[in-house]
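Please read the structure below before turning to the comments.
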Amino acid sequence: PNGIQVRLICIPYFAESNSCIALNLSTLECYEI
């Protein structure tokens, strides 16, 4: 509502997946690293 954009990010449990994510704050895109 009111033009508000929300992005929900699910972060993997690091101890199980051994992966991290990087979030681009200007585009709000996520990348696995």
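If you're matching positions, the sequence shown starts at 34 in this note's numbering and goes up one per residue.
For each residue, glycine too, the CB sits at the ideal point set by N, CA and C.
Residues bridged to residue i (per DSSP)
i, result
"Asn-51", "In DSSP, Asn-51 forms no bridge with anything."
"Leu-61", "Answer by DSSP bridge pairing: none, since Leu-61 is not bridged."
DSSP state of residue i mapped onto helix, strand, coil
i, result
"Leu-41", "coil"
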